[in-house]
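What follows is one structure encoded as structure tokens, with my remarks underneath.
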Amino acid sequence: MLITSLFALAVAMPTVAAEPPKIGEIAPEFSLLDTNGKSHNISDFRGKIVVLEWTNDGCPYVMKHYGTGNMQKAQKTATDQGVVWLSIVSSAKGKQGYVEGPQGNALMKEKGFKSTALLLDSDGKVGKLYQAKTTPHMFVLDASGKVAYMGAIDDKATPFPESVKGARNYVLEAITALKAGKTPAIAATQPYGCSVKYGK
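Residue numbers are given in our numbering: position 127 of the sequence shown equals residue 566, and the series is strictly consecutive.
Have a look at this one:
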């Protein structure tokens, strides 16, 4: 029972003022449990580029990216370069997309996730800390922990699977720029997708 409850627990521990993330500033600190009950503290990844991806498997926009393999391909491209990719579920219990540990592991296996971990944020503290509005909503942090990009995954704001073909992937562009020691050409865009299913 204790293990099960740990799987369901998502502990957010902000250590900075709850202000929205800003380009060029250190990303808000947090700690969350993954689907295996392991804690991940964002500051532990200093020295590496980090991608934060808000997700909800019931959202048509998320389904577009995972159903076509587009998200998994982006995850693999990034993690193969040493990037840490954290998928985050901020759906509250009883809301669309909510998962606990075992469900999350099954989902990752079924969909072929290539992310580093799936983090559980059922109380929505981290989602609200980052002002995550949609699924997907993407953030790219540079190796110093500063926000280098935030917004949409690409420039095709539709739920239609065929739109992934030829789309401009802002996340991968940001990673490429950072790897080259440059600032991303586009640092912020309007996120698109389903609303994050926060609780009250």
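Even for Gly, the Cβ is constructed at its ideal location relative to N, Cα and C.
Distance between beta carbons of residue j and residue i, contact taken as under 8 angstroms
i, j, result
"Asp392", "Ala613", "For residue 392 there is no data in the structure shown, the boundaries of the chain being 440 and 639."
"Ala517", "Ser561", "Rounded, the Cβ-Cβ distance is 25 angstroms, inconsistent with contact."
"Leu557", "Asp496", "Not quite, the Cβ-Cβ distance comes to about 10 angstroms (not below 8 angstroms), so this is no contact."
Residue closest to residue i, alpha-carbon to alpha-carbon, out of the options
i, options, result
"Lys512", "Thr597, Lys604 and Pro623", "Lys604"
"Cys498", "Leu580, His576, Lys618 and Gly620", "His576"
"Val528", "Thr555, Thr518 and Glu492", "Glu492"
"Lys618", "Ile488, Thr516 and Lys515", "Ile488"
"Gly463", "Val635, Lys564 and Met589", "Met589"
Residue i in three-state terms, based on DSSP
i, result
"Glu458", "coil"
"Phe484", "helix"
"Tyr588", "strand"
"Thr507", "coil"
"Ala606", "coil"
"Thr615", "helix"
"Tyr492", "Here the sequence assigns Glu to residue 492, which means Tyr is not the residue at that position. Glu492: strand per DSSP, three-state reduction."
Cβ neighbour criterion (16 or more within 10 Å) applied to residue i
i, result
"Gln629", "exposed"
"Glu539", "buried"
"Ser526", "buried"
"Phe599", "exposed"
"Pro460", "buried"
Any chain C beta carbon closer than 8 angstroms to residue i
i, result
"Ile625", "Among the chains of the structure shown, chain C does not appear; only one protein chain is present."
inquiry  = Contact between the region 535-554 and the region 581-588 is defined here as three or more beta-carbon pairs at a separation below 8 angstroms; is this criterion met?
reply    = no
request  = Flag this pair as touching only if the region 532-546 and the region 565-572 have three or more C-beta atom pairs under 8 angstroms; answer yes or no.
outcome  = no
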